[in-house]
Each structure stands twice: as structure tokens, then as C-alpha cells.
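My numbering puts the first residue of the sequence shown at 151, with every later residue one more than the last.
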Amino acid sequence: MTSATTRAVRVALASALALGTVITGLGSASAQPEAASAARPAQWGPCAADVLAEIPAAERTKVSCAVQVVPVDHSRPRGDSTGIAMMKRPAGDPAKKIGSLFINPGGPGGAGLIYSAYGSSFFTPEILEKFDLIGFDPRGVGRSAPLRCFRTQEEADAVNVGWYALPITQDEIASSIRQSKVYTDYCGINAGPLLDHMSTEAVARDLDVMRESVGDRQLTFVGFSYGTLLGATYANIFPSKSRALVLDGNVDPRLRLTDGAQYDRERARGFEIALDAMLKRCDSVGVERCAFAGDARKKFDAIRESLRKGPTTLPGGATVTLTDVVGRTASNLYSPTTFKALTAWLQSIHAAQNPGALTVQSVVDVPVVNNLNGRADVRALPETPYTSDDSYYAVNCIDKPFARSNRNWASTAAKWEKESPTFGRYQAASDLLTCPTWPARHPDRWIGPWNKKTKNPVVVVGNYYDPATQYLFSQRMAKQLGNARLISVDAFGHCILGDSAGADAAVTRYLVDLVAPANGQVFQPNAQPF
């Protein structure tokens, strides 16, 4: 599969949403690290028709599905239960099968059920031959009893009105703070029993139940993005049950679990680093390959500052705002295959703001990710069922500690914006705005230690110009873990497996033969942007 195709799959794979349930039970007990879960064996059977419709036709006859029951609260294993939806793509050669390979795509709140059917996008044929690939929707996500803050789409739409992705004026800031509080109030009313139990620790304990349910003595796992935190948490709660863990596009566990605001502040810096590197690369390849070349940094900053004063109208009549440019740029930095279209679009804005500047022929637009699977462009009918889930905030606001008030949001956002002119305020408008009023009050959360030693090294993979989880985070992850090897890729984009033959080969030998790569190796991507 080509690098471009792999990147497209990364963007296209989206949440598969359906109703879930929480099962009421009785009794209580305490869960300790490394405690046996006594999981019931997974009961594999046919996948639902709507699930099969989301995967390639060639995979539909191979996969099977199951729902694994886990405690809502792992400290009360006989209390309420919830179900985790799993999909298995069996090893291509059962005679050579090593075990199961669990996959988490990140998020938090990323639905991973169907990722097992897309294994060829991320893994070599040898891995597909020797492992059952297991995808799953974590608790509260997708088909695993989705945590929902609204009953209808109309309720959600009403809350979203006046909640700005990039609040700048006093009115926009006041409105966003107010609507964010309304959102968390809805969550307190509607979210249900999972509200206090959406932490990464809870998911790691679920993962151990799933490991046991498929008959594996130890866990083999690949986590992307937020999935690296899940892998790191598992390694430290269950070090002796960790066989081989690969973490691609890493968070900084210690910072994320101790200081949510500083973590997000540093995330904004990561986007700035990636943007600056992209603009420099654009200039280096020239206008023949990058339409925005020619002091691209200066032009981008001029576009941003002009849009602060008001929108720009393009020749075709489309209006572009600062939120449009910041949002699309942030999104496209995840995927280098979109850089050419992004920079052509930026050049069209530059030309509109500077009559006489070089214009470019239109380039096929790449849709911005996170569009609710297209539903964001559709007007809902009265009493339309709410089919999204709110797991993103449910996980982040439990895991990441914030002050319990957002009254200082405006001054903090201004400070971040001064440090990170393009993405500082944009990053502040997410968790920093919402988590202070999140209604969970007694959540379960793992805050360390992070240095428990696993028998085999954890393999940490980091891109030099990863926007969402900057390379420094991968370095910190490798340092914090008790036994880790860091391999790096001189690449743009968020996560890399499937897009670097050298890194893929190293990961294959590790997963198959438990031969960890030498620490400090640097690989190249299969393709360069532009």
C-alpha cells in the first residue's frame, strides 16, 4: 500500500457509532495491580451488518466480533458491568500464529473496532500472518456503551451555537465559557454510570481482561497517539503481563497526568514546530512543487494577522476566516499528503489579500478531519437521535488535572498565543476551557509510577515533526518508562507505522521475534511531502 493510501486510511477511519448498555450487578471488591481478572473467554461470532459495511469487502469473510463484559469500576468487580466491542482478524497462517495483537488508534475516544480489518495499512505481511489482529472500541466509545451528554442532536446543536473554536473578542470568550458550562451540565445529567470511570487506567484494566479473554498470557499491543498513554499505563500496572508494546506518536505521561494546562501549552508548541518546518520545506522545494514558496513563513504570518482583523474573500466568493486557516492547518499537519493542497490554498488566500501576487490553479481540496463523519454539514430534523459520543472530554477531563475554574481563561489564552501565535489560543479553547467544570468528582486515574520494568523493552516511535505529539514527548516517554528503546523517523505527520519501511521492519522483528531495535536509530519516511 502506498504512503498516500496509508495516510488516507488514517484520516478516513472514523468512529462506528451505536447504542450500548451498562449492566447492573451487585457486590464489591478491590482491584490491585497485576490482580487476576478471571475473564470469561471471548465468544466470537459474526459481526453486525453495519460493522461489515465499514470494512473492505475482502476482509468481511475473515473477521469475527465479540462483546467482552468488564466492570464499570474495577475496584468493584461484582458491581455494574459494561461491554467492550471487539473485532478479530485471524492470523493468516494459523500454524505460525504467535498470539493476538491489540490495536488502539488514539483519540482519546477513537473507535478502534474496525482497525483490525485495516491492518495492512500499518503492519507488514509477516505480522498479519502471525498475529490475530484485535481492534476494539474502548469503554464509552462507539459501540462500547457510548458516553453521551445529549439525548438529541438538537440539544447538541443548541449548545454548539456560541461555542467558538477560536474565541478572540470579549463577547466570543464570554459566550464560549458560558456554552462550555452548559455542555458539562448536560454531561452531568445524561452521561450515566461511566462518568467517573472513563480514565485511561480503567481502559488499561479493560485491556487486561480482553487479553485474558483471548487466551494470551501476555499482551502484545500497538498504540497510536493517545494509545501510547494506554500502553504506558498498562506497562506500569501490569509489567509482568507485557510481552511487546509499540507506542507510536507519544504523549508525555508524567506531564499529562500531573499538569493538564502545561501539557496542552506544550502541545501548541508542537504544532508551531511542525508548521515552521513545513513552511521551510516549502521554500526549499520551490514554487514548482509548493505553490506557497517564496518566504512562506512571512506570508503565513501576514495571512494570520490580516485575518485577525476580518475575513478574506477569495475570487470565487468563498469567505476565509482565521478559524478556517488555523483549523485546517492544524488538521493537515497530521498528514503530509495534504501539504500540497494546503499550501495551494494558502497561496490563494495570500493572492486575495495581495492583488497582483501569483495565483495558482485549483487543487483538489482535502476535507478537514473531525467532521462528525459528515454529519456536521447536515441539518438535523426535529428530535434527531444523538449518535455521537462525548468520550474525548470524558477521558481528558478525568486524566488531565486542571484548575476548577476557567475565570482566568482569557489571560491564559493570551499568554499561550504570545508563545505560539498560530495555535496557542486554538489549543486553549479545548480542554482548558471545558475540563474545569467537568462533572466527574471521584474518578479513577493512574498518575504513576511510569518506571516499572518490563521484561522486554517497550519500543517508542517518534516523528521529528509530529504536530500533535511533538518529538520531545517521545523522548520523555522513552526516558520515563523503566525499559524502553526510542527509534525516530525524520518525518512530518502524526504517527508513522505503515509509512516508513525502516521503522516497519524494526517493529516487525520486535513484535515477531522480541528483538528490540537498537536505541537511537533514525529512519526515513517512504515519501516526502511536496
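Each residue gets a CB set at the ideal place from its N, CA and C atoms; glycine is no exception.
Candidates the options, of which the one nearest residue i by Cα
i: Ala352; options: Lys331, Ile387, Ile339; result: Ile387
i: Val359; options: Thr479, Arg478, His644, Lys391; result: Lys391
i: Thr534; options: Val291, Asp307, Asp200; result: Asp307
i: Ala189; options: Gly262, Asp366, Asp474; result: Asp366
i: Arg557; options: Ile323, Asp230, Thr370; result: Ile323
i: Arg293; options: Glu304, Lys459, Ala315, Met237; result: Met237
i: Ala261; options: Ala651, Tyr542, Ala656; result: Tyr542
i: Leu357; options: Gly257, Asp287, Glu422, Arg406; result: Asp287
i: Glu276; options: Phe680, Ala655, Ala666; result: Ala655
i: Ser231; options: Ala666, Ala295, Thr658; result: Ala295
Residues near residue i in its chain [Cβ-Cβ closer than 7 angstroms; skip 5 each side]
i: Gly269; result: Arg239, Leu278, Leu283
i: Trp566; result: Arg415, Ala418, Gly574, Arg575, Gln577, Ala578
i: Gln630; result: Pro403, Arg404, Trp600, Asn601
i: Ser650; result: Val639, Ala641, Phe673, Gln674, Pro675, Asn676
i: Thr302; result: Glu533, Thr534, Pro535, Tyr536
i: Asn546; result: Pro258, Asp581, Cys585
Cβ pair residue i, residue j closer than 8 angstroms
i: Lys603; j: Gly632; result: yes
i: Thr572; j: Leu380; result: no
i: Ser498; j: Leu464; result: yes
i: Val437; j: Gly444; result: yes
i: Ala502; j: Thr462; result: yes
i: Asp398; j: Cys645; result: yes
i: Pro675; j: Ala641; result: yes
i: Thr562; j: Lys331; result: no
i: Ile597; j: Thr408; result: yes
i: Gly249; j: Asn400; result: no
i: Val364; j: Ala192; result: yes
i: Ala394; j: Leu647; result: no
i: Arg298; j: Asp540; result: yes
i: Leu91; j: Leu661; result: This structure does not reach residue 91, given that the chain is present from 151 up to 680, and the question cannot be answered.
i: Ala618; j: Tyr413; result: no
i: Gly377; j: Pro255; result: yes
i: Phe680; j: Phe489; result: yes
i: Gly338; j: Ala544; result: no
i: Phe421; j: Ala480; result: yes
Three-state class that DSSP yields for residue i in the structure shown
i: Asn254; result: strand
i: Val665; result: coil
i: Phe388; result: coil
i: Thr473; result: helix
i: Ser498; result: helix
i: Ser165; result: The predicted position of Ser165 is uncertain, since its pLDDT is 31 and thus under 50; a value taken from the coordinates is nonetheless stated next. Correct three-state label for Ser165: coil.
i: Val608; result: strand
i: Arg228; result: coil
i: Tyr268; result: helix
i: Asn310; result: helix
i: Met348; result: coil
i: Ala544; result: helix
i: Ile318; result: coil
i: Phe683; result: Residue 683 falls outside the range modelled here, since the chain spans only 151 to 680, and no answer is possible.
i: Pro517; result: Its pLDDT being 34, under 50, Pro517 is placed unreliably by the model, and the measurement read from it follows with that caveat. In the structure shown, Pro517 sits in coil (DSSP, three-state: anything other than H, G, I, E or B).
i: Asn613; result: strand
i: Phe374; result: strand
i: Val201; result: helix
i: Ser481; result: helix
i: Ala580; result: As written in the sequence, residue 580 is Ser, which differs from the Ala given in the question. In the structure shown, Ser580 sits in coil (DSSP, three-state: anything other than H, G, I, E or B).
i: Lys238; result: strand
Residues near residue i in its chain [Cβ-Cβ closer than 6 angstroms; skip 5 each side]
i: Arg419; result: Ser570
i: Val372; result: Ile253, Val396
i: Val217; result: Gly233, Ala235
i: Ala590; result: Leu345, Asp346, Ile548
i: Ala628; result: Val610, Ala634, Leu636
i: Arg355; result: His224
i: Tyr614; result: Tyr621, Asp640
i: Phe442; result: Cys432, Thr493, Leu496, Gln497
i: Gln671; result: Ile637
Presumed contact (8 angstroms Cβ cut-off) between residue i and residue j, rounded CB distance
i: Ser214; j: Gly195; result: 6 angstroms
i: Ser266; j: Gly285; result: 4 angstroms
i: Arg447; j: Leu429; result: 5 angstroms
i: Lys247; j: Lys280; result: 6 angstroms
i: Tyr336; j: Val309; result: 7 angstroms
Neighbourhood of residue i by C-beta distance below 8 angstroms, restricted to the same chain and skipping five residues each side
i: Pro593; result: Asp346, His347, Met348, Ser349, Ile548
i: Arg406; result: Leu379, Tyr413, Asp549, Lys550
i: His500; result: Phe442, Lys449, Ala452, Ile453, Ala507
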